[in-house]
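I have placed the structure first, in the form of structure tokens, so that the comments after it can refer back to it.
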Amino acid sequence: MTETATPPAAGRCPVAHGFDAMSDDYYRDPSTHFARVRDEHPVFWYPWLNAWVVTRREDVLRVLADWREFSSSGNTATIEVPEKHRDVVPQGLMSEMIVGTDPDLHTVHRNAALRGFTQDRMEALRPQIEERAHRILDKIETRGSGDLMEEYCLELTTQTLLAHLGLGWEHDAMMRRLRGDMGRVLSSAQEEMPAEIVDEVWERFAASFARLQAVVAERRENPGDDFISDMATQRTRDGAYVLTVPQVALHVCEFALAGADTTAQAMANAVLFLAEKEHYVEEALQDPALWANVFEETVRRRPSSPFASRKAMRDLEISGVRIAKGDMVWVSLASANTDPAHVERPFEFDIHREDPTDHLAFTAGRHTCLGQALARVQGATGLRVLFERLPSLRPAAEVPLDFARMALLPVRLSLPVVWDVADVERQKKRVKREMDLVLTGREEVADGVVALRFAHPDGDVLPDWEPGAHVDVRVPVDGGVLVRQYSLSSSPSQRHEWRLGVLREDGGRGGSRAVHDRLEVGARVRLGWPRNNFRFVPSPRYVFVAGGIGITPILPMIEKAEAEGAEWELHYGGRTRSSMAFLDELERYGDRVKSIPQDECGHPDLPGIFAAVRPGTLVYACGPEPLLTALEGALAHWPAGTLHTERFAPRKVVRDAPDEAFEVEFAQSGVRARVPVGKSVLQVAEEHGITALSSCKEGTCGTCETRILHGSADHRDSILTPAEQAADGTMMICVSRAARGCPRLVLDA
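First residue of the sequence shown? That's 376 in this note's numbering, and the numbers climb one at a time after it.
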């Protein structure tokens, strides 16, 4: 990356004089800028980067495929840690970044991190991503305009990264700063950092690095189910940790940069493309599976990282251009993705392409982006929620070219957008919103009644609600989950906590029993956003009637009536005084509260209470059906609209011979198993409970690469070079099998 021009190197040809990666034209659309030079100069020297630029897809794939000819070591090995910070950030550590290493070191570090990016794990994050997207939009939706880049895209990706790393809200500011500082540190491998900011950047980076090392050390001692714990606790067969504490912290720093900015850029770019094809928004809203295509076509058309860099390890030639050993080679992913030799209508944004993922936005080979599964889940989910909530959202009339002027990684800093605020109310009935909360408190408040308090895991405020609102609660039961609705009984002013009151009903369908028997403090429970069908209407006078657990929606109504200075009274009945919840809270209201335990006073005298019509009075009631039926009768002579009630009531391999079964031994696990025809080694590993990481399951991503300790493989992948396949050092266990005549494979797994 570069922000300032470095002195050009002499004696390199050809030079594409029409190419300028610092021009406005490049920032508007890198792909079309490359198209103007690609035919005449498929490979050219770019003096301002002191690097060769490769533009054709076929050549790009060649560079990415062979690390022995094109090494990644030039990406980070030259980063110098200032001497005064080497006690925190060891000199030489930066060369161990995943983006700057080659096998075998790269394989070790990548495999240690892969566990945190399995497809299943990313899918498990989808509900949290969706929840966070909704929460962010809650804060801005009524404004009708905003900076989508800063206020939504980066906000969502940063929060998701914190959740994946298992870092609480207290680390938010650090991770936001680290994203920029890590970019500066990483770019210093290619250009000297401006002297005036070196101390400032490294002071912050070292402080963040020290803090992260402390987190990693603590997770090593007390691991959780987060990504940092995964990397910190992995061990070799002899019991040693796979990664050191500083190495784990370094990779977290890498993810702080790559895990937030690139997906945020993609979401913003998607909004710009969709503005030119507005009908795609409606199509995707009708068929949500299309949001994945929107994301894929966006990153094909404009990759967030338009380049990948390598160093030539010998004198060689690409498309007739001679490249010297030691030269840096930058492959243009943006150009490769729009190479007309491979893509029909390369510059058309088309979400209905036959193979939406046929692009190099996440590069290829061993250095295929570790976080591609996260980016895909997060990008598609973020776009879906955004347009579900604000379908009229579009770029503002004037969108500035507001970029951090870095030639190799154009970072959009802002994207002004506008939308119709009428979307807010329209979409409330069409968009289902849920979130995972933590049960922070539990109290028995009456015979058979438990009060449950819920809060956000990260301490953020909860969605707004008004008296009378209720929430869906997903209650775990044997064989599945039941969804039940419970009224919010806390104060709407308590933005960090919700309280529900739940009556145990032994004769019911099992929901309330599961709440009482299974939900303990610390449990994660999925709740819906508040809905309100029992709206509290302003009035000078109220009469509240509650029967048993029906008191729960009435409590916040009383609080609001009191705050607004309205006259009110409550008639509260129950079987016994000990069965009536929240009586202690009601004591402060004195004789305006009439408690009517049935065993002491019988049923409330509703005909007597409502004998005389009181003009301007509204009656709010919640309770069992007999109570409400009786109340309707007692109010028959009152004006229509007086009574408001709530009642208690869903990859092709040509084979010249048929496959044969063989035996596989997983050395680390000590498991021997038969791999029959029709099953992969990966499937057999999974069936035997062996940790076997995978992603594509078609031999194209390299995720499942496994070392061969004994035997020979029939390689069917698209990753290993012919020389590597002949060497038989590793295999992709999702597609490759034992070679013909090899009855047994021993794998390092």
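We put the CB at the ideal spot given by N, CA and C, even for glycine.
Computed from a predicted model, the values in this text were never measured in an experiment.
Practice item. Taking 8 Å as the cut-off, decide whether the C-beta atoms of Trp544 and Asp833 are in contact. Key: yes
Practice item. Tell me whether the beta-carbon of Ser954 lies closer than 8 Å to the beta-carbon of Ala821. Key: yes
Review point. Is DSSP giving Ala1101 helix, strand or coil here?
Key: Three-state result, Ala1101: helix.
Exercise for review: Spatial neighbours of Val464 within its chain, please: CB distance less than 7 Å, with the 5 preceding and 5 following residues excluded, ordered by chain position.
Suggested key: Val456, Ala581 and Phe584
Check your understanding: By Cβ distance, which residues of its chain are closer than 7 Å to Thr1195, with the 5 residues on each side in sequence left out?
Key -> What is shown of the chain runs 376 to 1124, which leaves residue 1195 out entirely.
**Study point:** Closest residue to His405 among Pro785, Arg431 and Glu1038 (Cα-Cα distance)
**Key:** Looking at the sequence itself, residue 405 is Pro, so the reference to His does not match. For the residues Pro785, Arg431 and Glu1038, the minimum Cα distance to Pro405 belongs to Pro785.
Point to revise | Presumed contact (8 Å Cβ cut-off) between Val752 and Met932, rounded CB distance | key: Not a contact, Cβ separation roughly 41 Å.
Check your understanding: Any idea what DSSP makes of Lys1181, helix, strand or coil?
Key -> Past the edges of the chain, shown from 376 to 1124, lies residue 1181, and the structure says nothing about it.
Exercise for review: Consider the Cβ of Arg1082: report whether some Cβ of chain D lies at a distance smaller than 8 Å.
Suggested key: Absent from the structure: chain D. Only one protein chain is present.
Point to revise | Residue(s) in a DSSP beta bridge with Lys969 | key: His946
Check your understanding: Does DSSP put Glu506 in a helix, a strand or coil?
Key -> helix
Exercise for review: Kindly give me the distance between the Cβ atoms of Ile929 and Tyr861, rounded to whole angstroms, as I take these residues to be in contact under 8 Å.
Suggested key: The C-beta distance from Ile929 to Tyr861 rounds to 14 Å, too long to fall under 8 Å, and the pair is not in contact.
Practice item. Using three-state DSSP, classify Trp1141 as helix, strand or coil. Key: Since the first and last residues shown for the chain are 376 and 1124, residue 1141 lies out of range.
**Study point:** Euclidean distance between Cα positions of Glu692 and Thr482
**Key:** Annotation: Glu692 to Thr482 spans about 28 Å, alpha carbon to alpha carbon.
Review point. Can Leu981 and Ala1005 be called in contact, C-beta distance under 8 Å?
Key: Yes, these two residues count as a Cβ contact at 8 Å.
Point to revise | Reference Arg899; option with closest CA among Met606, Gln503, Val774 and Cys388 | key: With respect to the C-alpha of Arg899, the residue from Met606, Gln503, Val774 and Cys388 having the closest C-alpha is Gln503.
Review point. Using CA coordinates, which residue listed in Phe762, His460 and Met703 is at the minimum distance from Ser448?
Key: Met703
**Study point:** Which of helix, strand or coil DSSP assigns to Val1110
**Key:** coil
**Study point:** Alpha-carbon spacing of Pro569 relative to Ser563, whole angstroms
**Key:** 9 Å
Review point. Does DSSP put Glu1021 in a helix, in a strand, or in coil?
Key: strand
Practice item. Please list, in chain order, all residues of the same chain as Leu587 whose beta carbon is under 6 Å from its beta carbon, the five residues on each side excluded. Key: Ala624 and Val627
Exercise for review: Could you give the DSSP three-state label for Pro770: helix, strand or coil?
Suggested key: In the displayed model, Pro770 falls within a strand according to three-state DSSP.
Review point. In three-state terms, what does DSSP make of Cys997?
Key: strand
Point to revise | Segments assigned alpha helix (DSSP H), at least 4 residues, entirely inside the stretch 619-684 | key: 620-633, 636-651, 654-661 and 665-676
Exercise for review: If I'm right that Gly746 touches Ile1094 with Cβ under 8 Å, what's the distance once you round it to whole angstroms?
Suggested key: The pair is not a contact, with the Cβ atoms about 18 Å apart (cut-off 8 Å).
Check your understanding: Just how far apart, CA to CA, sit His891 and Ser604?
Key -> 32 Å
Exercise for review: Take Thr638 and list the residues in its own chain whose beta-carbon comes closer than 6 Å to its own, dropping the five residues that flank it on each side.
Suggested key: Thr532, Ala750, Gln753 and Gly754
Point to revise | Those runs of the alpha helix (DSSP H) which lie wholly inside the stretch 425-456 and span at least 4 residues | key: 432-440
Practice item. Report back the beta-carbon spacing between Phe670 and Leu536 to the nearest angstrom; my notes put them in contact at under 8 Å. Key: No, Phe670 and Leu536 are not in contact; Cβ-Cβ is about 17 Å, not under 8 Å.
Check your understanding: How is Thr713 classed by DSSP in three states: helix, strand or coil?
Key -> Correct three-state label for Thr713: coil.
Point to revise | Straight-line gap, Gln622 to Asp400 (C-alpha atoms, nearest Å) | key: CA-to-CA, the gap between Gln622 and Asp400 works out to about 40 Å.
Check your understanding: Near Leu1003, what residues of its chain come up, given a Cβ to Cβ distance below 7 Å and the 5 sequence neighbours on each side ignored?
Key -> Excluding sequence neighbours, Leu1003 sits near Ala996, Thr1020 and Arg1022.
Check your understanding: Among Glu444, Arg769 and Ala830, which has the Cα closest to the Cα of Gly701?
Key -> Glu444
Review point. Should Lys686 go down as buried or exposed, given a rule of 16 or more other Cβ atoms within 10 Å for buried?
Key: buried
**Study point:** Buried/exposed call for Pro1025, threshold 16 Cβ in 10 Å
**Key:** Because Pro1025 sits at a pLDDT of 34, beneath the cut-off of 50, its placement in the model cannot be relied upon, and the following sentence gives the value as read from the coordinates. Result: exposed.
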